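Protein chains in written order, with the working numbering: chain A, 1 to 236; chain B, 1001 to 1236; chain C, 2001 to 2236; chain D, 3001 to 3208; chain E, 4001 to 4208.
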Ligand SMILES: Nc1ncnc2c1ncn2[C@@H]1O[C@H](COP(=O)(O)OP(=O)(O)OP(=O)(O)O)[C@@H](O)[C@H]1O
Ligand SMILES: Nc1ncnc2c1ncn2[C@@H]1O[C@H](COP(=O)(O)OP(=O)(O)OP(=O)(O)O)[C@@H](O)[C@H]1O
Ligand SMILES: [Mg+2]
Ligand SMILES: [Mg+2]
């Protein structure tokens, strides 16, 4: 490690935007012990980030919300395969507007009550949407709900639709539900109904700060970091 | 690239056409009202008209959602009295495109009217022409280059509108999926073939409309486009 | 709402200012070249100029990412010869804003030039004025309303640019976070207070610039804005 | 009967004149450049409003200090402006037809153009015409409206002697048909004497 | 020595004329409306190009069939257009200064305006002036460039007798100072006889 105080090592971490608050807190903790490392984030949807990294964005660490995006980068040798690690997982919940007009909606009448709109992430592009589709298909309810679906381009949009009461019901990650105080969870979706929502991380091959990058990624799996992740609704 | 439905094409044409006509009428009307008048606060109102351009479309869409949401004032009123459901419907897409394209038309028309020689309008009045007739037969033809530019910009913008539309109309395949949405989600899903397909379609649509427009403008409105070069003989 | 850094304000001003100047110069130049010339394919090129308006900004950004990516032709060339890193830098943001705002300036300027009376340019030539002087002293002042409209639209659009910028410049706090991004991510994080704060800032910035611009235009360029009303006395 | 008292402050002097013209008469405003002749016609046409005074045409009060000015388009005037103000986007024929109220516009417009010797230019645009051709189009356009009062601002200044005489004949013929007053501005004394029922000599806004 | 042979097809006839004018001389083109006078001046100015023929001014060939036309801005001409073409966004003074090459422009422009009796209008814009005031501004603007040849298209048509005489005096004075040829269009025979060294009568594009 460099012993000079002004020669701080800066690493750029590209991460799925659903992790924004959790990662920010983890980085603060990390910097407390690794005083010579400074973490800078860029948040966005995993697909977008993967594309940017592919185009040479000067990123050191990538934390994705979907395995498939990581897989593509791995195939092209853009990440260091040996550093790839699963950091955490997420679960799905069904939500409705808090103190909204449809308080009759509950765990038992999810698929039978007369509602107009169900908001989920676009099952072609948004990880939460992908898993929601898997689960609903397995439950045999995908077809019943199909005419009611409104797709969001990201989970935030799904939240907005539910928060404003325009969609009576929505399916998002636990962490997303927890980040909004205008929605409430009415049901948890059994994680076995869909492939597990893994958040893999890896160091980018082109990094100029392999040491610091490795150190940060390693830190993600430590109990301290995992504890923070749990407080934001992730599971390990 | 899977099966492709032509729904987005029809919908995009419908939404862009209606929005363009609305914007053309409202924008031209307001620009005409404001162009030759000076009152306190005029510039402020004009700056206000530019807001939809300055704010990120998503934010504009968010504002519209708040305004037209089913539990909100305007939204409820429209629903109760006109049975119009704005959110998650193609009407929402029209509203989004209209709002977002409006500044383009207003600015173009306003500038065009300022460049028209008031003396000719006065001459038309001495010939007994009413205000409306003067506007239709003198002002509009003479301002035509600017109005056409505004029209073209408006149509292009309305055709390409995406951010605000997605927010208020959501993405409901078969109901509110315009071409830009199809492109966005195809890119996002990494389906480059599909994305390219839709890009070609939208470009073809935009091109053919604009080419037809300038052809029509040249043909029917040859009298509108004053040849200016001093003195070249009539038929040489 | 946590601590707010004023970085986005400075960055937004810088990016919007540079992009606006670039667009104004290039757009005016191209419009002038094309305005009085007719050649085969002109309309096609003009329609092509509208592309950035028709395509969703994200897709434009995607295209730019492909073009300027490190391993791509243009990107590599710029990196090797000018040591310019476009992806994930504020220069990327300038490029995105420039490309996206260009059609607005081009269309406005082109229309404005068409409305200028060629006879006056001819008269200036008989007085010995060179092409450039005629352009500067006759064409530009007479086309001023349209050029100003283009300038205003360009500035507003550049200031509000978000989709394409996010794609090529990423969202790196302290480096590429313009105000629209700050708004977007504040909304994303459900931090409505912060979002409102930035909306107010950007609106204030847009307003003050545009008000200042029209004030300046009225003051310094009173000679540019020809009063047209037939016959009102000089000083009454 | 046309009757006006026009009072108007200009930057360099004040206009204060009274003009009366009966049907079938021609009043000529004769005076040096910048003496306020065009401004007088502009006021009668309603393009500029007097500070006070009145303008009456028959039973209609076009202007009076204590009422809202009658809008230009309702005043039944024919006005040949000093710089013609032809519509650049319309052919000669369309220009002439613009203010016509009657049916068979095309036919009548052509007949009128023919009287002025420019019927071969009916499909020409103003920028394709010579100065005198434009001027004759402007006269034809004003006459075509069959106005109740005709305002002519140096209407023959761009014409050669023959064209000038021909045009004058057409104008006076039409005046006889419509039985209307004409107010004409000119700085050509021979012309003034030839047509005028009455010549008002104007200088710096006053009749002398 | 100015020497031109202008051949040009127009919609209704063909122009084919030869004009020679020595320094200090005034050639007048006299003819009916629409006979091609303005078009001749436009060709000399380079705003329109002849189909063939030539235009020579001293050692400079402005036009000849076998070379690229000399651009307007390089021809050292002063051209008073029939409709003035004043710059609407510039005051009288700025209009007059526009083509000046010398220093002390403001002073000279003012002196010139004074000679034409419109120095009180130096801060007026064209739309704030009367027809005759605009015409005098246009003449002053053309003279201010100190051209090698002066083209005047009915330059006095909007002026009363006094202003007309004054303007003619100024023009001829300046011509004497600069020792240049003038080519002037008019349909006023007295005026033509008064100033012309030579009168070309033109009709349908031919001298008669
Ligand atoms: N741009 C043009 N296109 C077609 N024809 C034109 C054009 N300009 C002039 N002409 C025609 O050429 C002929 C000569 O016009 P020109 O302006 O030279 O006449 P002029 O002798 O100056 O007449 P006037 O005394 O009325 O000004 C006219 O018949 C006119 O209609
Ligand atoms: N819009 C205006 N603003 C200020 N002053 C004006 C305006 N129009 C005319 N004037 C001034 O008013 C006076 C009278 O102008 P007007 O046009 O009535 O003169 P005129 O008698 O028609 O002259 P001419 O024979 O030269 O056309 C002139 O001094 C002129 O400068
Ligand atoms: Mg006058
Ligand atoms: Mg002429």
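Just so it is clear, CB atoms sit at the ideal spot from N, CA and C, and this is done for glycine as well.
Quick caveat: nothing in here was measured; it's all calculated off a predicted structure.
Cβ pair residue i, residue j closer than 9 Å
{"i": "residue 1100/B", "j": "residue 1143/B", "result": "no"}
{"i": "residue 2056/C", "j": "residue 2181/C", "result": "no"}
{"i": "residue 1090/B", "j": "residue 1032/B", "result": "no"}
{"i": "residue 1145/B", "j": "residue 2114/C", "result": "yes"}
{"i": "residue 61/A", "j": "residue 201/A", "result": "yes"}
{"i": "residue 3099/D", "j": "residue 3145/D", "result": "yes"}
{"i": "residue 4057/E", "j": "residue 4170/E", "result": "no"}
{"i": "residue 2183/C", "j": "residue 2202/C", "result": "yes"}
{"i": "residue 1094/B", "j": "residue 1019/B", "result": "yes"}
{"i": "residue 2149/C", "j": "residue 2208/C", "result": "no"}
Range covered by the beta strand (DSSP E) that runs through residue i
{"i": "residue 38/A", "result": "37–44"}
{"i": "residue 4052/E", "result": "4052–4057"}
{"i": "residue 4110/E", "result": "Careful: residue 4110/E lies outside any beta strand (DSSP E), inside the alpha helix (DSSP H) at 4105–4115."}
{"i": "residue 176/A", "result": "Here residue 176/A belongs to no beta strand (DSSP E); instead the alpha helix (DSSP H) covers 174–179."}
{"i": "residue 202/A", "result": "197–203"}
{"i": "residue 188/A", "result": "183–188"}
Simplified DSSP state of residue i, which is helix, strand or coil
{"i": "residue 1217/B", "result": "helix"}
{"i": "residue 71/A", "result": "helix"}
{"i": "residue 1960/C", "result": "Because chain C here runs from 2001 to 2236, residue 1960/C falls outside it and cannot be looked at."}
{"i": "residue 97/A", "result": "strand"}
{"i": "residue 2234/C", "result": "Unreliable positioning characterises residue 2234/C in this predicted model, as indicated by a pLDDT of 38, which lies under 50. The coordinate reading is nonetheless provided below. In the structure shown, residue 2234/C sits in coil (DSSP, three-state: anything other than H, G, I, E or B)."}
{"i": "residue 3002/D", "result": "strand"}
{"i": "residue 2099/C", "result": "helix"}
{"i": "residue 121/A", "result": "strand"}
{"i": "residue 168/A", "result": "coil"}
{"i": "residue 2033/C", "result": "helix"}
{"i": "residue 3064/D", "result": "strand"}
{"i": "residue 3981/E", "result": "Absent from the model: residue 3981/E. The displayed extent of chain E is 4001 to 4208, so no value can be given."}
{"i": "residue 4153/E", "result": "strand"}
{"i": "residue 4201/E", "result": "strand"}
{"i": "residue 2015/C", "result": "helix"}
Residue i: CB within 8 Å of a non-hydrogen atom of ligand 1
{"i": "residue 4016/E", "result": "no"}
{"i": "residue 4031/E", "result": "yes"}
{"i": "residue 3121/D", "result": "yes"}
{"i": "residue 4135/E", "result": "no"}
Residue i beta carbon near ligand 3 (any heavy atom closer than 8 Å)
{"i": "residue 3008/D", "result": "no"}
{"i": "residue 3037/D", "result": "yes"}
{"i": "residue 4203/E", "result": "no"}
{"i": "residue 4083/E", "result": "no"}
Residue i Cβ short of 8 Å to ligand 4 heavy atom set
{"i": "residue 4186/E", "result": "no"}
{"i": "residue 3160/D", "result": "no"}
Any non-hydrogen atom of ligand 2 within 8 Å of residue i CB
{"i": "residue 3011/D", "result": "yes"}
{"i": "residue 4131/E", "result": "yes"}
{"i": "residue 4127/E", "result": "yes"}
Continuous alpha helix (DSSP H) stretch holding residue i: start and end
{"i": "residue 4165/E", "result": "4161–4178"}
{"i": "residue 1167/B", "result": "1163–1169"}
{"i": "residue 2123/C", "result": "2118–2126"}
{"i": "residue 1057/B", "result": "1057–1068"}
{"i": "residue 2082/C", "result": "2073–2082"}
{"i": "residue 86/A", "result": "First-last for residue 86/A: 85–90, but that is the beta strand (DSSP E), not the alpha helix (DSSP H)."}
{"i": "residue 1185/B", "result": "1179–1188"}
Which ranges does the beta strand (DSSP E) cover as unbroken runs of at least 3 residues, wholly within the segment 4074–4098 of chain E, from first to last along the chain? 4077–4080
Please give me, in chain order, every unbroken run of the alpha helix (DSSP H) with length at least 4 that falls completely inside the segment 3010–3047 of chain D. 3037–3045
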